[in-house]
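Data block below; observations after.
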Amino acid sequence: MKVLVTGGLGFIGSHTVVELQNEGFEVVIIDNLSNSSEKVLDGIVAVTGKKPLFEKMDLREKAAVQDFFARHSDLAGVIHFAASKAVNESVENPLLYYENNINTLVYILQELQKMESANFIFSSSCTVYGEADVMPITESAPVKPALSPYGNTKQIGEEIITETCKVSRINSILLRYFNPIGAHPSAHIGELPIGVPQNLVPFITQTGIGIREQLSVYGDDYPTTDGTCIRDYIHVVDLAKAHVVALQRLINKKNVDKVETFNLGTGTGSSVLEVITTFEKVSGKPLPYQIVGRREGDIITAYANTDKANNVLGWKAKSTLEDGLTSAWKWEQKIRS
Ligand code: UD1
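The opening position of the sequence shown corresponds to residue 3 in the working numbering, with each subsequent residue numbered one higher.
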């Protein structure tokens with residue numbers, strides 16, 4: 003069975019391609035290489051022994067999207083990762099985010115709507131919950147007003163999909179990721195942030211290897227156990243496997259609604275200082291850091307209630323924070339060697 007993975011050379015996309023191939027799917031990747039590299043294909047081959055089909059394409063070109071679907075009318079599903087994801091950049095250039103994350107989604111859905119049936123998996127984010135009132139966060143927690151154009155594109159994306167599925171033969175699963183970290187344990191694929199990483203774990207591993215002088219911890223005066231923010235760090239391989247399970251659910255028509263939503267997290271919250279301590283343990287070296295002021299827009303605490311993913315989807319995260327940081331550190335060492 004053939005599956006389209008948009009953004010399949012990116013961080014979560016490439017790990018999902020590996021898991022799809024391991025399960026026997028034939029994968030076609032679309033990627034515009036804006037935040038990835040064609041070399042990732044070699045990493046995928048090194049892990050699975052199979053080269054996925056790859057088409058370099060920008061999904062903002064509607065005619066190219068139409069042409070692609072005309073040539074691939076036999077898709078068992080589409081997993082749509084391709085999107086921009088930097089919060090700050092989205093504030094500076096909102097239209098880029100609406101064009102990249104919304105126009106492309108519309109163009110793909112327009113083609114899927116023409117099909118006899120279609121299965122669509124969407125990369126959403128726990129960012130839709132904002133500062134949730136109740137921990138851990140369930141899927142029925144209210145969606146709060148978005149704090150950035152990036153967050154807004156995830157909310158609008160979910161709405162576009164829900165409204166479209168109602169009136170078409172498309173079935174969809176919305177996956178709300180908590181904080182993805184780590185790399186494939188083989189260290190053949192991993193995260194490749196461009197420029198200075200905004201996310202915690204790549205900043206930590208780059209500090210560990212000496213590219214960054216020290217980590218800035220954004221605030222230690224929050225109302226948490228040690229004063230730093232709490233997040234649910236989920237291993238990217240666990241996350242990737244959830245996509246395969248979700249796709250199989252749609253292919254086997256096990257979904258109970260035309261659109262289903264699942265949180266993808268571990269269910270455990272970790273503070274920034276806990277992440278630092280765990281990194282120091284797995285790397286065997288102290289991590290230089292300083293406490294600085296709070297980062298604007300940061301929420302205090304977010305971790306998932308995973309009951310629905312565990313019991314309905316039939317997926318559970320297996321890896322620990324330590325596993326995630328160990329693999330991220332191994333990957334960082336490999337790409338700098
Ligand atoms: C961020 C985005 C979120 C997006 C997610 C993608 C913001 C406000 N949120 O989530 O919308 O879906 O990335 O992965 O940007 N931290 C430091 N020092 C650093 C970097 C981070 O102390 O140099 C802290 C942050 O304050 C936060 C935690 O580490 O408490 C995690 O930060 P990060 O990795 O950026 O993820 P989120 O902010 O949760």
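A virtual CB, placed ideally from N, CA and C, is assigned to each residue, including glycine.
Note that the structure is a prediction, hence the values are computed from the model and not measured.
Grouping DSSP H, G and I as helix and E and B as strand, with all else coil, what is residue i?
{"i": "Val5", "result": "strand"}
{"i": "Val93", "result": "helix"}
{"i": "Pro147", "result": "coil"}
{"i": "Gln115", "result": "coil"}
{"i": "Pro138", "result": "coil"}
{"i": "His237", "result": "strand"}
{"i": "Thr328", "result": "helix"}
{"i": "Asp223", "result": "coil"}
{"i": "Ser75", "result": "coil"}
{"i": "Val274", "result": "helix"}
{"i": "Thr303", "result": "strand"}
{"i": "His186", "result": "coil"}
{"i": "Glu193", "result": "coil"}
{"i": "Asn24", "result": "helix"}
{"i": "Asp309", "result": "helix"}
{"i": "Asn257", "result": "coil"}
{"i": "Gln250", "result": "helix"}
{"i": "Gln292", "result": "strand"}
{"i": "Ser125", "result": "strand"}
Taking its Cβ as the centre, do 16 or more other Cβ atoms sit within 10 Å of residue i, making it buried, or is it exposed?
{"i": "Ile213", "result": "exposed"}
{"i": "Ala72", "result": "exposed"}
{"i": "Arg251", "result": "buried"}
{"i": "Glu165", "result": "exposed"}
{"i": "Thr279", "result": "exposed"}
{"i": "Pro147", "result": "exposed"}
{"i": "Asp44", "result": "exposed"}
{"i": "Pro54", "result": "buried"}
{"i": "Lys320", "result": "exposed"}
{"i": "Thr129", "result": "buried"}
{"i": "Pro138", "result": "buried"}
{"i": "Thr207", "result": "buried"}
{"i": "Glu160", "result": "buried"}
Would you kindly work out how many angstroms separate the C-alpha atoms of residue i and residue j, rounded to a whole number?
{"i": "Tyr235", "j": "Glu324", "result": "10 Å"}
{"i": "Ile302", "j": "Ile172", "result": "36 Å"}
{"i": "Gly192", "j": "Arg338", "result": "13 Å"}
{"i": "Asp33", "j": "Leu289", "result": "35 Å"}
{"i": "Cys231", "j": "Glu298", "result": "13 Å"}
{"i": "Ser125", "j": "Leu177", "result": "5 Å"}
{"i": "Lys168", "j": "Glu334", "result": "44 Å"}
{"i": "Thr8", "j": "Lys255", "result": "22 Å"}
{"i": "Glu141", "j": "Lys318", "result": "16 Å"}
{"i": "Lys156", "j": "Val47", "result": "31 Å"}
{"i": "Thr270", "j": "Asn181", "result": "11 Å"}
{"i": "Glu215", "j": "Asn201", "result": "16 Å"}
{"i": "Leu111", "j": "Leu61", "result": "12 Å"}
{"i": "Ala88", "j": "Lys287", "result": "29 Å"}
Which whole-angstrom value describes the C-beta separation of residue i and residue j, a residue pair presumed to lie in contact below a C-beta threshold of 8 Å?
{"i": "Glu262", "j": "Ile196", "result": "Contact flag wrong, Cβ pair sits at about 33 Å."}
{"i": "Ser38", "j": "Gly12", "result": "5 Å"}
{"i": "His17", "j": "His186", "result": "6 Å"}
{"i": "Asn105", "j": "Ala85", "result": "Not really, about 11 Å apart at Cβ, beyond 8 Å."}
Requested in this report: Could you say if the segment 16–25 and the segment 239–251 meet the contact criterion of at least three C-beta pairs nearer than 8 Å?
Outcome: yes
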